[in-house]
Amino acid sequence: MAIGIPLRDQRADGTGRSRRRSSSGMERMERRWGIALGLPAMLGFLAFTIGPMLASAWISLTDWNIYTGANFIGVDNYNEMFTGDPLFWQSLWVTLYYAFASVPLVLLTGFAAAMLLNADVRGKSIFRTIFYLPVLVPLIANTVLWTWLFNPDFGLFNSLLEQFSLPTSQWLYDPSTVIPSLILMAVWGFGNATVIFLAGLQGVPTHLYEAVEVDGGGWWQKLRNVTLPMMTPTIFFNLVIGMIGAFQSFVEAYSMTNGGPNNSSLFYVLYLYRTAFSESRMGYASALSWFLFVIILVLTVLIFRSARSWVYYEDNTR
Amino acid sequence: MTDLAASAIPEPERRTAPVRPAGRGRRIAGRVLVYVALLIGSAITLFPFVWLIRSSLMGPAQIFSYPIEWIPAPFRWSNYQEALESVPFRRYLFNTMRIEFLVVTGTLITSTIAAFAFARLRWRGRNLIFGILLSGLMLPYAATLIPTFIFWQEVGAVGTIVPLVVPAWFGGGVFNIFLLRQFFMSIPRELDEAAYLDGATPLEVLRRIILPLSKPALIVVAVFTFISVWNDFLGPLIYLSDSDQYTLALGLRSFSSLYTAQWDLLMAASTAMILPIVVLFFLAQRYFVEGITLTGIKG
């Protein structure tokens, strides 16, 4: 989904150019074919994105379950969510906690690694590949591996801690450490952010660093006054993508903890999944999904809004 | 898919600022620090992999020994055979590859056609429509999950691979269209125009001019798609109920709930599922660089 970066140079677009040779026949031909060939994608978008979005808004106003069909019940589902469902609040809290802790940590680690890799080191591509390897691990295999790493009796972490006579942890089996454990696991996948940051770092003009050097500035001034401001668009992009992803985490909780212990890792989408597919309460689950959509939308808008004050664009062409 | 897009960003050219701090000693110290940090970071990153492989080759006694043993003695390669035979992984592999084939083919064909329409043919509203399509990338999948499920249920397709495959034949995902569109736009328009003057149709232009020049981008799309199908868990979980139809992701999950404490076998099965993706990544790395450089993702 690397759209944020590439959207900046779309200059190859043909529409703006003067069209010396085009006759009206050519224009008509292009219009007809263009619409015809673009149609499957547009239909797919209507059928698998817009349509379901609207349908889900309607379903959220019903008590639809698979066996009895749907009755219109107005905003009852939303009422129940906000006033009568502690699990909804629990899952919301868990998800916010996870997203707001894991995304910044992943970005920070990813950024630090990118800075190191950008320091003109030898074997850069090897280091980059190593950092990227965890991203390649299929999520379900990752959950199996980390469940084993976190195993309180024989897992890697506790064994190491014990070997150094440090206090061990129950990791996934303690309500207070389960989310920090999942955050640790998320941070292991920092390589994705690193690669995007690395691409951004390539775009920082060398002459800016030279200017800092002329003024006698060291690496800290370069980082503070050149790298960070110039990297804000990339940080912004990673932040938006990371947040949208973190809010929708599901497999980790489903496979590793099943939401436990004591619902302390009940991710929002896991709760939604249970409501829809274990309890068949499609109406209520749709209300949950719409609320998630609204949260993500509001959050994205907030990040975009705040971006005006902290994201720096060199060319104001955006 | 998202993840790989990022990895596809090309090996940066050497444009780093020439480092000229005050003293030479400080400079060397700085370099050493960078390498030390990189080595420690790599070691930490690789540690779970070492644990994974070491566990996959150990016997049940050694795996639970304390203090930790790092070298399997003996190397129990039979773990792999045992793990892969204890549940029908061969069947799961076949099921996965069948979905892979249908999804990758559909994605390649339809995203190419759509990208061509949005990149090379000029028609009013195309940029607006493309922008709307792109905005779909921001939508949480959870928001469309339930109606889509109900739809497939009404059609009677739940329990088959149809819901997993059909969407790929309608545009094949906005991200892929975007990527190919970027690539197509870098090809000079004069080539198309000359062909049109000779009386070619757009489909012929696509087939004879655009496609032969776009091999790297098509490979990138194919690899992205392959990996996302391989890793997909929620889709098969919702739509496939019969264990005969399980994909590898579902198979690994059911294996791990059946053989809870048999970490040697679980690690062997996990390694077996990770390995093909890593190999594919290394094989395709060259095309990633080539493909994405040309699409203009340079930051």
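In order, the protein sequences belong to chains X and L.
In the working numbering, each residue's number is its place in the first sequence (first place is 1) plus 4.
In the working numbering, each residue's number is its place in the second sequence (first place is 1) plus 531.
Beta carbons are placed, not taken as given, at the ideal position from N, Cα and C, and that holds for glycine.
Between the alpha carbons of residue i and residue j, how many angstroms are there, rounded?
i: residue 493/L; j: residue 182/X; result: The requested residue 493/L does not occur in the structure, where chain L is confined to residues 532 to 830.
i: residue 41/X; j: residue 647/L; result: 8 Å
i: residue 123/X; j: residue 187/X; result: 28 Å
i: residue 688/L; j: residue 641/L; result: 22 Å
i: residue 285/X; j: residue 576/L; result: 42 Å
i: residue 109/X; j: residue 675/L; result: 29 Å
i: residue 598/L; j: residue 604/L; result: 15 Å
i: residue 659/L; j: residue 610/L; result: 55 Å
i: residue 264/X; j: residue 299/X; result: 24 Å
i: residue 761/L; j: residue 94/X; result: 32 Å
i: residue 190/X; j: residue 106/X; result: 7 Å
i: residue 570/L; j: residue 261/X; result: 33 Å
i: residue 580/L; j: residue 160/X; result: 11 Å
i: residue 77/X; j: residue 278/X; result: 21 Å
i: residue 738/L; j: residue 59/X; result: 38 Å
i: residue 548/L; j: residue 138/X; result: Residue placement at residue 548/L cannot be trusted, given a pLDDT of 49 that sits under 50; the coordinates are not used to answer.
i: residue 768/L; j: residue 213/X; result: 51 Å
i: residue 613/L; j: residue 800/L; result: 9 Å
i: residue 745/L; j: residue 254/X; result: 36 Å
i: residue 667/L; j: residue 624/L; result: 31 Å
Answer yes or no: does any C-beta atom of chain L fall closer than 8 Å to that of residue i?
i: residue 286/X; result: yes
i: residue 315/X; result: no
i: residue 16/X; result: Any reading at residue 16/X needs caution, since the residue's pLDDT is 44, under 50, leaving its predicted position unreliable; the model's value is listed next. Taking Cβ atoms only, chain L reaches closer than 8 Å to residue 16/X, which makes this a yes.
i: residue 304/X; result: yes
i: residue 88/X; result: no
i: residue 30/X; result: yes
i: residue 152/X; result: yes
i: residue 85/X; result: no
i: residue 327/X; result: Any question about residue 327/X goes unanswered here, given that chain X covers just 5 to 322.
i: residue 34/X; result: yes
i: residue 48/X; result: yes
i: residue 252/X; result: yes
i: residue 233/X; result: no
Where does residue i land, buried or exposed, given buried means 16+ other C-beta within 10 angstroms?
i: residue 71/X; result: exposed
i: residue 192/X; result: buried
i: residue 721/L; result: exposed
i: residue 793/L; result: buried
i: residue 327/X; result: In the structure as shown, chain X begins at 5 and stops at 322. Residue 327/X is therefore absent and cannot be evaluated.
i: residue 712/L; result: buried
i: residue 272/X; result: buried
i: residue 763/L; result: buried
i: residue 796/L; result: buried
i: residue 99/X; result: buried
i: residue 698/L; result: buried
i: residue 715/L; result: buried
i: residue 104/X; result: exposed
i: residue 283/X; result: exposed
i: residue 290/X; result: buried
i: residue 654/L; result: buried
i: residue 287/X; result: buried
Our contact map puts residue i next to residue j with C-beta atoms below 8 Å; I'd like the distance itself, whole angstroms only.
i: residue 197/X; j: residue 88/X; result: Actually they are not in contact, since the Cβ atoms of residue 197/X and residue 88/X sit about 39 Å apart, beyond 8 Å.
i: residue 705/L; j: residue 652/L; result: Actually they are not in contact, since the Cβ atoms of residue 705/L and residue 652/L sit about 18 Å apart, beyond 8 Å.
i: residue 756/L; j: residue 635/L; result: 5 Å
i: residue 733/L; j: residue 37/X; result: 4 Å
i: residue 583/L; j: residue 798/L; result: 5 Å
i: residue 606/L; j: residue 588/L; result: 5 Å
i: residue 241/X; j: residue 671/L; result: About 18 Å; that fails the 8 Å criterion.
i: residue 773/L; j: residue 690/L; result: 6 Å
i: residue 131/X; j: residue 140/X; result: About 15 Å; that fails the 8 Å criterion.
What do you reckon, is the C-beta of residue i under 7 Å from a heavy atom of the ligand SAM?
i: residue 121/X; result: Absent from the structure shown: the ligand SAM. Ligands present: none.
Measure from the C-beta of residue i to each C-beta in chain X and report whether the shortest distance is under 8 Å.
i: residue 621/L; result: no
i: residue 693/L; result: no
i: residue 757/L; result: no
i: residue 766/L; result: no
i: residue 608/L; result: no
i: residue 683/L; result: no
i: residue 576/L; result: yes
i: residue 660/L; result: yes
i: residue 586/L; result: yes
i: residue 753/L; result: no
i: residue 582/L; result: yes
i: residue 762/L; result: yes
i: residue 672/L; result: yes
i: residue 603/L; result: no
Could you pull the DSSP bridge partners for residue i from this structure?
i: residue 73/X; result: 69/X
i: residue 285/X; result: 69/X
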